[in-house]
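Chemist:
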Amino acid sequence: MVNNRKQWVTGLQMMVAVAISAMSIQSSFANVVANNAMTDSFWQTQKKGANFFRQHPASLKDWQDAKQVGIEFFRIPLDAYLGYPVKLDNITQLTAFEIKSFDQNLKDAKITGIPIILSFLSLPFSVWKQQHGNHDDLRLWQDKKHWQAAGDFWAAVAKRYKANPNIVAYNILNEPHPEVLKLKNSNSAIFNVDFTSYYKKVVGTSEDLNAFYEYMVKRIRHVDPDTPIIVDAGWYAEPPAADYLKPIDAKNILYAFHMYEPYIYTTRKINNGKYVYPGKIATGNDQFSDWNKATLEKFLQPIVNFQERYHISSQQIILEEFGVDRMTKGATQYLKDIVNIANKNNWHWAFYNYRGDEWTGMNYELSVKPMKWQFWKDEEKTNLFPNLTYGKANKYYVYDKNNPLWHAVIGTMKHGS
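Residues -30 to -1, 1 to 387, numbered by mature numbering (1 follows the signal peptide of the UniProt record, and there is no 0), are exactly what the sequence shown covers, in order.
1) For the alpha helix (DSSP H) that contains Leu76, what are its first and last residues?
2) Give the DSSP-derived three-state secondary structure of Asp260 in the structure shown.
3) I think Asn21 touches Arg45, with their Cβ atoms under 8 angstroms apart; what is that distance to the nearest whole Å?
4) Does the stretch 215 to 231 come within contact of the stretch 241 to 252, defined as at least 3 CB pairs closer than 8 angstroms?
5) Where does the unbroken beta strand (DSSP E) through Pro374 begin, and where does it stop?
6) With the cut-off set at 8 angstroms, would you say Arg325 and Asn315 are in Cβ contact?
7) So Ile382 and Val294 are in contact, right, with Cβ under 8 angstroms, and what is the actual spacing, rounded?
8) Excluding five sequence neighbours on each side, which residues of the same chain lie with their C-beta closer than 7 angstroms to the C-beta of His105?
9) For the stretch 288 to 346, list the alpha helix (DSSP H) runs that are entirely contained and at least 4 residues long, ordered along the chain.
10) Measure from the alpha carbon of Tyr206 to the alpha carbon of each residue in Glu149, Gln25, Arg191, then state which is nearest.
11) Using C-beta distances below 8 angstroms, list every residue in its chain close to Ile311, excluding the 5 sequence neighbours before and after it, in chain order.
12) Which whole-angstrom value is the C-beta distance of Ala226 and Pro272, which I expect to be below 8 angstroms?
13) When the Cα atoms are used, what is the spatial distance from Asn313 to Trp33?
14) Rank Pro94, Gln14, Gly40, Val338 by C-alpha distance to the C-alpha of Lys384 and give the top, closest one.
15) Compare the Cα-Cα distances from Ala139 to each of Ala301, Ile287, Asp327 and report the closest residue.
16) Do you know how far the Cα of Phe12 is from the Cα of Asp78?
17) Are Asn141 and Ile87 closer than 8 angstroms when you measure CB to CB?
18) Assuming His192 and Phe292 form a contact by the criterion Cβ under 8 angstroms, report the distance between their Cβ atoms to the nearest whole angstrom.
19) Should Ser11 be listed as close to the ligand ZN, given that the test is whether its C-beta is under 7 angstroms from any heavy atom?
20) Which runs of the alpha helix (DSSP H) fall wholly inside the stretch 202 to 290 and span at least 4 residues, in chain order?
21) Once you ignore the five residues that flank Pro47 on each side, which residues in its own chain have a CB closer than 7 angstroms to its CB?
22) Per DSSP, what kind of secondary structure is Phe161 in: helix, strand or coil?
23) Have a look at the DSSP bridge pairing and note the partners of Ser96.
24) Tell me Pro47's beta-bridge partners as DSSP assigns them.
25) Going residue by residue through the stretch 3 to 43, where are the continuous beta strand (DSSP E) segments of at least 3 residues, counting only ones entirely within it?
26) If you draw a straight line from the alpha carbon of Thr236 to that of Glu328, how long is it in whole angstroms?
27) Do Leu375 and Ala301 have their beta-carbon atoms positioned less than 8 angstroms apart in this structure?
28) Please report the straight-line C-alpha distance between Glu68 and Ser259, rounded to a whole angstrom.
29) I need the DSSP call for Val138, collapsed to helix, strand or coil.
30) Going by Cα to Cα distance, which pick from Lys17, Ala128, Pro27, His116 is closest to Glu177?
31) When burial is assigned at 16 or more other CB atoms within 10 Å of the CB, is Asp202 buried or exposed?
32) For Ile190, which beta-bridge partners are listed by DSSP?
33) Counting only the same chain and skipping the five closest in sequence on each side, list residues whose C-beta sits under 6 angstroms from that of Ile200.
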């Protein structure tokens, strides 16, 4: 009886200890969730915007037209105007022209009430491929000492632009991809990678994207404690990379993903008329799969899993880029399905791309017609693509006021029609 009583007391003590431990863990987790909350007023409700990537400054009319259709924010890379090639190793290598061009965007933002996500295509020791002779610059992921230069860079940027009411977020780096150091970069790879296993191999190293973000957020927050910060998922911000993404223990963090899959379909030069959406498309070791709205939802499911795993609200998720070449068969339905999925999940989103001036493949205002020959003749004369006048007939493209592609992306905006 005594032994039984001792066993009973010991068992009770163990249960109490376990309960206390569980309560402690739950309390700690609750504190982390509270610390990770989105308190910034702009992002409290779903926002629908656009990427605005240009090599030449836009006009105020471009901004005013965007306001009219209901675009609620622009994502603009400050370094979009950099020359080629680039060796961006410190903040002083941003030219006066870059700063002047971006600051003009801020003036237009103030006039129209369309705020900006300030993004970067490049960081010190991680120069964007298209500004680096079409070669990946992976130095940032090969030695942690380069992180300090990236931190210094962003600290300087944050010091210049903090408390600017026309900037609603800092986007640390567009489409980071340290994974290419370990993983094969091919169309099929994204459908077969076990990102959880991959991350176990790189945790704590210079290739650890989560650790890099923790470091960068601390550097920015030391200068600017309030402006929301957006971190792109790994592997070019692909949704499956959410499997190893970790939440950052700081307020006002958004987690970003891009959607151009299946890439073999959305890219016209690769597709070359072979694939239509919805339909059978070669993906994953060239196996043909049915791609439709249900397939898109399945591909985006890792984002939902990430939210559920870490109790991340939809206020902190942004589908930061998505698109398809406008002359690809089924493009309108593809865009409608992506927008519908994002809206159903209450994610913020931004289509790619509003009135780009160098490449028209995803300028949905231009409908499905190719550019007129005069466009290419004028480009050849000046070695610059002509500035387009949108919304009326002109010598460069066929105007279609009932363009279904354009309505696919603006149709659910507050003033979309």
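Quick reminder that beta carbons are idealized off the backbone N, C-alpha and C, glycines included.
Modeler: The relevant details are as follows:
1) 66 to 82
2) strand
3) 5 angstroms
4) no
5) No beta strand (DSSP E) contains Pro374, which is instead part of the alpha helix (DSSP H) from 374 to 380.
6) no
7) The sequence given here has Thr at residue 382, not Ile. Not quite, the Cβ-Cβ distance comes to about 17 angstroms (not below 8 angstroms), so this is no contact.
8) Lys99
9) 301 to 314
10) Glu149
11) Lys263, Leu266, Glu267, Leu270
12) Not really, about 13 angstroms apart at Cβ, beyond 8 angstroms.
13) 24 angstroms
14) Gly40
15) Ile287
16) 18 angstroms
17) yes
18) That pair is no contact at about 33 angstroms.
19) As presented, the structure is devoid of all ligands, the ligand ZN included, so that no description of it is given.
20) 204 to 207, 233 to 236, 238 to 241, 263 to 280
21) Phe23, Ser89, Phe90, Leu91, Asn144
22) helix
23) Leu93
24) Ser89
25) 18 to 21
26) 18 angstroms
27) yes
28) 44 angstroms
29) strand
30) His116
31) buried
32) Paired residue(s): none; Ile190 is not in a bridge.
33) Ala139, Asn141, Leu224, Ala226
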